[in-house]
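Residue numbers in the sequence shown follow the numbering used here, run continuously in steps of one, and reach 594 at the last position. Think of the CB as a built atom: it goes at the ideal place given N, C-alpha and C, for glycine as much as any other residue. These numbers come from a predicted model, not from an experiment.
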Amino acid sequence: MRAPGSANRPSRRTDWHAVNWRRAYRIVRNLRQRIFRATRANDRRRVRSLQKLLLRSYSNILLNVRRVTQLNAGKYTPGVDQLVVKTPAARGRLVDHLATRQPWRAHPVRRVYIPKKSDSNKQRPLGIPTVLDRCLQARVTNALEPEWEARFEGTSYGFRPGRCCHDAIGKVYNLANPKGRKKWVVDADIEGAFDNLDHDFLLNALGDAPGRELVKQWLKAGVLEGGVVHETAAGVPQGGVISPLLLNVALHGLEAAVGVTHNRRGHICGRRAVVRYADDLVVLCESREDAFRVRDRLLPPWLAERGLRLSEAKTRIAHLTEGFDFLGFNVRHYASTRAGRPGYKRLIKPSKKAVLALRQELREVWRSLQGHNVHEVLTRLNPIIRGWANYHRRVVSSKTFSQLDHWMFHRAKRYARVSHPRKSWRWCVHRYWGRLNKAKKDNWVFGDKASGRFLLKFNWFKVVRHPLARGRSSPDDARLREYWWARRGIDAAHLSASDRKLGVAQGWTCRVCGQPLMNGEELHRHHKNPKAMGGSEAYQSGVGTSVLPPAGDIPAAARAESVVVC
Numbered sequence: 029m030r031a032p033g034s035a036n037r038p039s040r041r042t043d044w045h046a047v048n049w050r051r052a053y054r055i056v057r058n059l060r061q062r063i064f065r066a067t068r069a070n071d072r073r074r075v076r077s078l079q080k081l082l083l084r085s086y087s088n089i090l091l092n093v094r095r096v097t098q099l100n101a102g103k104y105t106p107g108v109d110q111l112v113v114k115t116p117a118a119r120g121r122l123v124d125h126l127a128t129r130q131p132w133r134a135h136p137v138r139r140v141y142i143p144k145k146s147d148s149n150k151q152r153p154l155g156i157p158t159v160l161d162r163c164l165q166a167r168v169t170n171a172l173e174p175e176w177e178a179r180f181e182g183t184s185y186g187f188r189p190g191r192c193c194h195d196a197i198g199k200v201y202n203l204a205n206p207k208g209r210k211k212w213v214v215d216a217d218i219e220g221a222f223d224n225l226d227h228d229f230l231l232n233a234l235g236d237a238p239g240r241e242l243v244k245q246w247l248k249a250g251v252l253e254g255g256v257v258h259e260t261a262a263g264v265p266q267g268g269v270i271s272p273l274l275l276n277v278a279l280h281g282l283e284a285a286v287g288v289t290h291n292r293r294g295h296i297c298g299r300r301a302v303v304r305y306a307d308d309l310v311v312l313c314e315s316r317e318d319a320f321r322v323r324d325r326l327l328p329p330w331l332a333e334r335g336l337r338l339s340e341a342k343t344r345i346a347h348l349t350e351g352f353d354f355l356g357f358n359v360r361h362y363a364s365t366r367a368g369r370p371g372y373k374r375l376i377k378p379s380k381k382a383v384l385a386l387r388q389e390l391r392e393v394w395r396s397l398q399g400h401n402v403h404e405v406l407t408r409l410n411p412i413i414r415g416w417a418n419y420h421r422r423v424v425s426s427k428t429f430s431q432l433d434h435w436m437f438h439r440a441k442r443y444a445r446v447s448h449p450r451k452s453w454r455w456c457v458h459r460y461w462g463r464l465n466k467a468k469k470d471n472w473v474f475g476d477k478a479s480g481r482f483l484l485k486f487n488w489f490k491v492v493r494h495p496l497a498r499g500r501s502s503p504d505d506a507r508l509r510e511y512w513w514a515r516r517g518i519d520a521a522h523l524s525a526s527d528r529k530l531g532v533a534q535g536w537t538c539r540v541c542g543q544p545l546m547n548g549e550e551l552h553r554h555h556k557n558p559k560a561m562g563g564s565e566a567y568q569s570g571v572g573t574s575v576l577p578p579a580g581d582i583p584a585a586a587r588a589e590s591v592v593v594c
């Protein structure tokens, strides 16, 4: 159903439950692909025309309202207007408002501070735009992103569709070949990249793109802190939907600045190589002198042009035999211990810093759970274990996982002892430990014997290698549709065996919107027979459950028809 306020649109209001999501996704996807293709063909006039068309698209408005108010983690975080959109009716009214109201004027962002992961004593400033501004930012992002996806370098992995941290680590693994010549690494970090980005440089980089004036408004809108609006002379708000794209636009061209060269096949053939994930980057060089030249002479003037600089505390030069940390992993060359094969082997493991941070987090959770029942313990700890293990299972992590399991056993032992100080150790073992996971031959699984729930173990998550995203490929390239479709199940390693079985049965496709299931959205099981009416988790061909997006997106009629597992 279309929005009101236009000659070719009905006057009726948007019914959120009646939206044809398949059609909306198809329209936006086709426009993005046409923008990408026109950019690769260097047809600037056509690119601008298609971007304007996408900005006016009603389907684009629908998808961005859904993204901001239903999918994003901060969907219930208000801006300066204290507005939060929670109900389907409110989402429909927001769509109509965005489709009819012109012109726009950006609101200041609300300042919020969160502790930094690297140092809990320091705080990271976030700027939270209003819901209206976030929706409009997502709308402009959809128009600008395909153009820049056609331009971005293949070694840029942060905040880009189809790419993730594991792609960046996979690229580092390929470049850190012991048989190669690049043995010196500049492990660099850009200090306050989001907070210090130069506005004039960024606007010049955008050129005459549609939505440029809106971007300028968001950059100059100011920050509300302590009841006072402060001007923003530099930086982009960390909390804005468009901010990651703007950072990537500003840092585009790093390969040329460092002097990276490619052969006809697109492979790096020069004496330097670079891998960047957002504001974290590594440059691999052939000599120590060349590494110092990159750090002291090449990177500083290039960053200064963008209002940025390297962090002296976090930037270092190291040989691969010493190793370096990148994105929570440690990359290092180890002396080979195999007889008759002298030399080095490259291994990537979870970094010591990441392991210590995890232990500290788990320790605090264990301490806070003293006096609580075992059900609460499992509810709090299992998501932490599952998330950390799934992230680090892509590298050499088996030994680290075993050590963490040993440490967790002693934490569980302490919990049992403190909870039952007058009981014997034999009694505690009988109460909390047993072969609770029927799929594992392990008699020392901690859990609740009454309900059958148990605490996950890290070494149950087997190492799974991540296939690297190919070159400069992008999901917006229509010629690579089959390639990206074949990668749709790669990120499903974190799902349970039952959910993976359902995903395979559905062809890794959502039965409602027709999009790939592994698209970054939260997945939900939908039961054909509700559990409240006797339904179960059992899988049967043709009946049972289906893996779907959040149920709030599914109208009643669609829910009734989308439960069959083919």
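Query	Result
Can you give me the Cβ contacts of Trp44 inside the same chain, cut-off strictly under 6 Å, excluding the 5 residues immediately before and after it?	Pro116, Arg119, Gly120
Just to confirm the assignment: which complete alpha helix (DSSP H) runs, minimum length 4, are found wholly within the stretch 359-442?	380-396, 402-420
Starting from Ala332, follow its DSSP beta bridges and name the residues at the other end.	Ala332 is not bridged to any residue.
Under 9 Å between C-beta atoms, does Ala196 make it to chain D?	In the structure shown, chain D does not exist; there is a single protein chain.
At the level of alpha carbons, what is the spacing between His227 and Gln79?	22 Å
Figure out for me which residue from Gly399, His258, Val322, Ala178 has the closest Cα to the Cα of Ala507.	The question names Ala, but residue 507 is Arg in the sequence shown. Nearest of Gly399, His258, Val322, Ala178 to Arg507, Cα basis: Ala178.
Checking 9 Å against the spacing of the C-beta atoms, do Trp257 and Val251 come in under that value?	According to the sequence provided, residue 257 is Val. The question's Trp does not apply to it. Yes, the pair counts as a contact, with Cβ atoms nearer than the cut-off.
Are there 16 or more other CB atoms within 10 angstroms of the CB of Pro449, so buried, or fewer, so exposed?	exposed
Per DSSP, what kind of secondary structure is Pro136 in: helix, strand or coil?	coil
Following the continuous beta strand (DSSP E) through Val473, name the residue where it begins and the one where it ends.	473-476
Out of curiosity, what's the CA-to-CA distance linking Arg481 and Val75?	55 Å
So for Ser184, helix, strand or coil by DSSP?	strand
Could you give the C-beta distance for Gly343 and Arg323, rounded to a whole number, given that I count them as a contact under 8 Å?	Residue identity check: residue 343 is Thr in the sequence provided, not Gly. The pair is a contact, with the Cβ atoms about 7 Å apart (cut-off 8 Å).
Going by other Cβ atoms of all chains shown within 10 Å of its Cβ, with 16 needed for buried, is Lys207 buried or exposed?	exposed
Determine which residues share a DSSP beta bridge with Glu253 and list them.	Val256
Measure the alpha-carbon distance for Val200 versus Val303 and round it to whole angstroms.	7 Å
Report the rounded CA-to-CA distance for Glu350 versus Asp308, giving the unit in angstroms.	19 Å
Where do the ends of the alpha helix (DSSP H) carrying Leu122 lie?	116-128
Three-state secondary structure (DSSP) at Tyr141?	strand
According to the neighbour-count rule (16 or more other Cβ atoms, all chains shown, within 10 Å of its Cβ), is Lys485 buried or exposed?	buried
Tell me whether the stretch 257-271 and the stretch 453-465 touch, counting them as touching only if at least three CB pairs, one residue from each stretch, are closer than 8 Å.	no
Could you check whether the stretch 135-143 touches the stretch 272-284, counting it as contact only if at least three pairs of C-beta atoms, one from each stretch, sit closer than 8 Å?	no
Quick check on the burial criterion: 16 or more other C-beta atoms within 10 angstroms. Buried or exposed for Ile142?	exposed
For the structure I just gave you, are there three or more beta carbon pairs, one from the stretch 158-176 and one from the stretch 228-241, closer than 8 Å?	yes
Could you check the C-alpha separation between Ile89 and Ile296 for me, to the nearest Å?	40 Å
Could you check what DSSP says for Asp43 in three-state terms: helix, strand or coil?	coil
What residue does the beta strand (DSSP E) around His347 start on, and which one ends it?	344-347
From Thr42 to Leu99, what distance separates their C-alpha atoms?	19 Å
Between Val140 and Leu154, how many whole angstroms is the CB-CB distance? I'm expecting something under 8 Å.	5 Å
For Trp488, which option in Ala514, His420, Gln534 has the closest C-alpha, if you only look at C-alpha atoms?	His420
If you follow the beta strand (DSSP E) that Leu309 is in, where does it begin and where does it stop?	308-313
Does the beta-carbon of Tyr104 have 16 or more other beta-carbons within 10 angstroms, so that it is buried, or is it exposed?	exposed
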